[in-house]
Amino acid sequence: LTAPVEVERPATEQVLEADLPWLVIVWNDPINLMAYVTFVFQKLFGFSKSKAHKLMLDVHFKGRAVVSSGSRERAEMDVTRLHQHGLWATMERSGT
Amino acid sequence: VLRLSAPERALLANLPKEIDEVLAALGSAGDHDVDDGQSTEPSDPAGSGFPAIAGVPAVPPSLKRLFPPAYTRDDEAERAYVGAARSELLDHHRQALQTLSDTATAKVLDAEQLQQWMTALNDVRLVLGTVLDVREDGEPPPGQLPQQLIYYHYLSGLQVELVDFLSGWLPLPTPGADDLIPDDPWGEPLGGLRWDGTPLPEGP
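Protein chains in written order, with the numbering used here: chain A, 5 to 100; chain B, 515 to 718.
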């Protein structure tokens with residue numbers, strides 16, 4: 005048997021703040037080739053060709069696309085991998 | 515099997531070597547700065563437009579595309595990122611450029627070398643494209659240098675072939691990966707500006 009335990013709940017806002025994932029964003033640029041960008045998305049994130057192609061088109065026509073999200077560490081790692089491939093990637097906390 | 519003419523191979527050996535020499539200076543300048551601790555002045559002599567980072571040498575404008583910022587609204591986080599990631603990124607680019615330069619005359623390349631070629635070709639294109647001020651709208655850049663422009667388009671064609679080939683060797687997609695990406699949180703289209711403040715091209 006278990007007795008009810010008083011649990012101290014953090015304020016809702018704090019929970020949301022802590023849970024907000026970081027977003028990795030790839031920005032449009034005039035140099036990287038469309039086929040190359042699609043290839044890099046597939047290679048780094050395991051996307052299907054059609055998903056990678058759609059994200060590439062978002063980058064090209066909308067100016068940017070979110071390609072990954074998660075913890076700050078994870079996002080920084082993905083940004084670095086994209087930078088290694090010459091893509092213009094930044095990271096931001098979602099909702100900011 | 516690689517079928518390229520001798521002049522093509524000479525170009526592929528020389529262009530990456532030239533860029534690597536600049537990167538090498540960047541690397542050694544970094545060691546030097548860290549050693550003598552004289553890099554504390556926040557200046558941007560190269561005019562790269564990025565915040566100067568103590569202990570990390572400024573990137574020449576022609577190479578800025580090889581070292582994009584990770585944080586554009588948080589200078590402190592950006593400094594930490596550059597401090598942590600710069601040397602690894604530098605090594606990555608240099609290794610790819612050296613592989614391309616060293617194997618430019620090879621008749622057969624393995625998968626790893628082909629990946630390095632792809633990275634290095636893109637690096638060279640990024641540098642040439644920056645120097646040439648390549649624009650989205652396809653207008654010929656003002657004051658273009660015809661020879662570099664020819665190199666740029668040649669490398670673009672070669673890279674398309676390489677990407678096409680390597681695409682056939684990608685592992686199968688990761689199950690569920692497509693569903694991990696959240697919807698674009700800002701809606702569409704983007705407010706008209708890139709992160710660096712330049713205007714976006716018109717949509718389709």
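In this text, a Cβ means the ideal position worked out from N, Cα and C, and glycines have one as well.
Report the neighbours of B/His667 on chain A: residues whose CB is nearer than 9 Å to its CB, in chain order.
-> Near B/His667 there are no residues of chain A at all, since even the closest Cβ is about 11 Å away, more than 9 Å.
Does any residue of chain A bring its CB to less than 8 Å from the CB of B/Val677?
-> yes
How many Å lie between A/Gly50 and B/Ala584 at the Cα?
-> 22 Å
Please compile the residues from chain A whose C-beta is within a distance smaller than 7 Å of the C-beta of B/Glu650.
-> Pro34
Where do the N-terminal and C-terminal ends of the alpha helix (DSSP H) with B/Ser519 fall, by residue?
-> Premise fails: B/Ser519 is in no alpha helix (DSSP H) and is neither H nor E.
Within 7 Å: the Cβ of B/Leu603 and any heavy atom of the ligand MG?
-> For the ligand MG, the structure offers nothing, since it holds no ligand at all.
Round the Cβ separation of B/Val645 and B/Gln662 to the nearest angstrom and send it over; I've been treating them as touching at under 8 Å.
-> 7 Å
For B/Glu626, count neighbouring C-beta atoms within 10 Å of its own C-beta (all shown protein chains included) and say buried if the count is 16 or more, exposed if not.
-> exposed
Beta-carbon contacts of B/Ala610 that lie in its chain and below 7 Å, excluding the five residues immediately before and after | Gln630, Thr633, Ala634 and Asp637
Nearest neighbour of B/Ala524, chosen from B/Leu686, B/Trp683, B/Ala691 and B/Asp616 [CA to CA] | B/Asp616
Distance, A/Leu86 Cα to A/Trp26 Cα | 15 Å
Beta-carbon contacts of B/Gly619 that lie in its chain and below 6 Å, excluding the five residues immediately before and after = Checking the sequence shown, residue 619 of chain B turns out to be Thr, not Gly. Arg523, listed in sequence order.
Does any CB atom of chain A fall closer than 8 Å to the CB of B/Asn536?
-> Inspection of the sequence shows that residue 536 of chain B is occupied by Val rather than by Asn. So no, B/Val536 is outside the interface.
Would you kindly work out how many angstroms separate the C-alpha atoms of A/His89 and A/Val44, rounded to a whole number?
-> 7 Å
Might you give, ordered along the chain, the residues of its own chain that have their beta carbon closer than 7 Å to the beta carbon of B/Lys531, omitting 5 neighbours on each side?
-> Ser615
Rounded to whole angstroms, how far is the Cβ of A/Ser72 from the Cβ of A/Val41, which I believe are closer than 8 Å?
-> Contact flag wrong, Cβ pair sits at about 14 Å.
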